[in-house]
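Novice:
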Amino acid sequence: MTRKLFGTDGIRGTANLDPMTAETALKLGMAAGRHFTRGQHRHMVVIGKDTRLSGYLIEPALTAGFVAVGMDVMLVGPLPTPAVAMLTRSLRADLGVMISASHNPYQDNGIKLFGPDGFKLSDEDELDIEAKMFNGLDAYRVGSDHLGRAKRLDDAVGRYIEYAKSSFPRGRRLDGLKIVVDCANGAAYKVAPTVLWELGAEVVPVAITPDGFNINKDCGSLHTQTMQTQVVAHGAHLGLALDGDADRVVLCDEKGRIIDGDQLMALIGASWHRAGQLKGGGIVATVMSNMGLEKFLGGHGLALHRAAVGDRYVLERMRKDGFNIGGEQSGHIILSDHSTTGDGLVAALQVLSALVESGKPASEVLHLFDPFPQVLKNVRVAGQPSAVLEQASVVDAIKAGEGRLDGSGRVLIRKSGTEPLIRVMAEGEDKAAVTAVVDDIVAAIEAAA
């Protein structure tokens, strides 16, 4: 049985259009509330959100659904996704909900669910919730004397600030560092500048005036030009850019050069390895991470283990095999010693700790390897991507490309999960060869489509 509503990271869509409607949110609240009603205690759900206008649509609908099945609701307002995961565990809640579409523009919104352990739900949990949503919700309504209650947690911001600061080594401070922090007009617009300031940094805050429409607009981890420009203009030591729900981060050095998730994982992994903190003898990344990262780790006696694209698959591998660092090239870094999900601010603090320890400029510390040339092209096809990829001419082109890069690179072909696209990626030491391989495969796909 496949999931109809849930994707790789909850439910997502254009706000006020199916499935991201108040009706869906109401049903989801009832179904998820019933799914996590276990035992005779008063049940509780924590609900957080980012700064999108449509949060005012989704939040009350979810609240009504949970209250209707007898679950109390704790509203925490705009906070990063990892804050919701942390508060779910801290408050001994039965469920956590984050209303956000992450790095997407304001028109979109989404709903992410966390279990009582603070981890995102399994496929089985999501399937059961979907089944409940479409099969007789009336049976789950409680009597009028058993309805849930809703209240706001006034000190939620302060709790997360203290949690984030606790991940930074005691006795170490950020005194003397000037840091640009781009909050993407999103969920971390209050907490991120405060955490850095309380640890001693001189903070230059950017994109901290959300208006419901400007989340991720020309700012944040997908639009890093704002951060890069501000770092150079203010003579800052480095910059960090979060996305709309602050579960990912991208940095730049004092010269404005970008440091992506692969470089961040290399730095944190090497630092933790030296300190004896790294578990599993390596890190978990996705199939998209650069071969330069793999080569760097190998030089330190560490291994790179690859998972499918999506933080849930990275975390699944981490939990299964005992790793405590994993993430994606996009800057979604999971440090399981501190958090149950990606936390952009906590990841940045680990990088800042290593920078302070070194006493050197960011440009010398944060660029640990030269990425292999990587070329990615998307091919739109009229038919089913799977059928196109099974064509003999396409199979032969892919095999030829793999043969050409054998030992010096790799080829990765992926079908989009949301569009009729085939993504063709290759990387290797020779950029000309990599480009030629991608062009040949793309030509074969276009001819077969």
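When you line the sequence shown up against this note's numbering, it's residues 82 to 530, in that order.
Beta carbons: idealized from backbone N, C-alpha and C, even for Gly.
Assign F147 to one of three DSSP states: helix, strand, or coil.
Specialist: Note: F147 maps to helix in three-state DSSP.
Novice: Rounded to whole angstroms, what is the Cα-Cα separation between V492 and S181?
Specialist: Going from the Cα of V492 to the Cα of S181 covers about 33 Å.
Novice: Give me, in chain order, the residues of the same chain whose beta-carbon lies closer than 6 Å to that of I210; leave out the 5 immediate sequence neighbours on both sides.
Specialist: So the qualifying residues of the chain are A112, A113, H116.
Novice: Report yes if the CB atom of D424 is closer than 9 Å to the CB atom of E409, and no otherwise.
Specialist: No; because the gap between Cβ atoms is not below 9 Å, this pair is not in contact.
Novice: Can you tell me where the alpha helix (DSSP H) holding H386 begins and where it ends?
Specialist: First-last for H386: 384 to 388, but that is the beta strand (DSSP E), not the alpha helix (DSSP H).
Novice: Is G301 near D334, with beta carbons less than 9 Å apart?
Specialist: No, the Cβ-Cβ distance between G301 and D334 is not below 9 Å.
Novice: Ignoring anything shorter than 4 residues, give me the alpha helix (DSSP H) runs that lie fully in the segment 165 to 242, in order along the chain.
Specialist: Here the runs fully enclosed are 204 to 214.
Novice: Got a sec, what are the start and stop residues for the beta strand (DSSP E) V415 sits in?
Specialist: In the sequence as presented, Val is not what sits at residue 415; that position holds Ile. Here the beta strand (DSSP E) through I415 covers 414 to 416.
Novice: For the segment 121 to 135 and the segment 161 to 176, state whether three or more C-beta atom pairs, one from each stretch, are separated by less than 8 Å.
Specialist: Yes, since at least three Cβ pairs between the segment 121 to 135 and the segment 161 to 176 fall closer than 8 Å, the two stretches touch.
Novice: What is the DSSP secondary structure of A317, counted as helix, strand or coil?
Specialist: Correct three-state label for A317: coil.
Novice: For E500, write down the residues that DSSP places opposite it in a beta bridge.
Specialist: Paired residue(s): none; E500 is not in a bridge.
Novice: Let's test the definition: count the other Cβ atoms within 10 Å of the Cβ of T79 and tell me whether it reaches 16, buried, or not, exposed.
Specialist: With the chain covering only 82 through 530, there is no way to say anything about residue 79.
Novice: Let me know the secondary structure DSSP gives A109 once reduced to three states.
Specialist: Before going further, note that residue 109 is Leu rather than Ala in the sequence given. Of the three classes helix, strand and coil, the one that applies to L109 here is helix, per DSSP.
Novice: Compare the beta carbon distance of K232 and V154 with 9 Å and say whether it is the shorter of the two.
Specialist: For K232 and V154, yes; Cβs fall inside 9 Å.
Novice: Less than 7 Å between C-beta atoms, sequence neighbours within five positions excluded: which residues of the same chain meet that for F377?
Specialist: A347, L449, F450, listed in sequence order.
Novice: State buried or exposed for F404, treating a residue as buried only when at least 16 other CB atoms are found within 10 Å of its CB.
Specialist: Counting Cβ neighbours within 10 Å, F404 comes out buried, since at least 16 surround it.
Novice: Going by alpha carbons, who is nearest to G110 out of D99, G158, I349, G177?
Specialist: Residue G177 is the option with its Cα nearest to G110.
Novice: Is the beta carbon of I414 less than 9 Å from the beta carbon of L385?
Specialist: No, the pair does not count as a contact, with Cβ atoms beyond the cut-off.
Novice: Going by other Cβ atoms of all chains shown within 10 Å of its Cβ, with 16 needed for buried, is R254 buried or exposed?
Specialist: Exposed, by the Cβ-count rule.
Novice: Measure the C-alpha to C-alpha separation of G284 and G257 and round it to an integer number of angstroms.
Specialist: Before going further, note that residue 284 is Val rather than Gly in the sequence given. Distance between the alpha carbons of V284 and G257 is about 11 Å.
Novice: Check P100 in the structure and name its three-state DSSP category.
Specialist: The answer is coil: DSSP assigns P100 none of H, G, I, E or B.
Novice: Please give me, in chain order, every unbroken run of the alpha helix (DSSP H) with length at least 4 that falls completely inside the segment 455 to 523.
Specialist: Fully enclosed alpha helix (DSSP H) runs of 4 or longer: 466 to 470, 473 to 486.
Novice: In terms of alpha-carbon separation, which member of N295, F294, N297, V287 lies closest to V312?
Specialist: For V312, the nearest C-alpha among the options comes from V287.
Novice: Note the first and the last residue of the continuous alpha helix (DSSP H) segment covering E445.
Specialist: Start and end: 443 to 446.
Novice: Along the chain, which unbroken stretches of the beta strand (DSSP E) at least 3 residues long are found entirely within the segment 331 to 411?
Specialist: 363 to 367, 384 to 388, 406 to 408, all fully within the segment 331 to 411.
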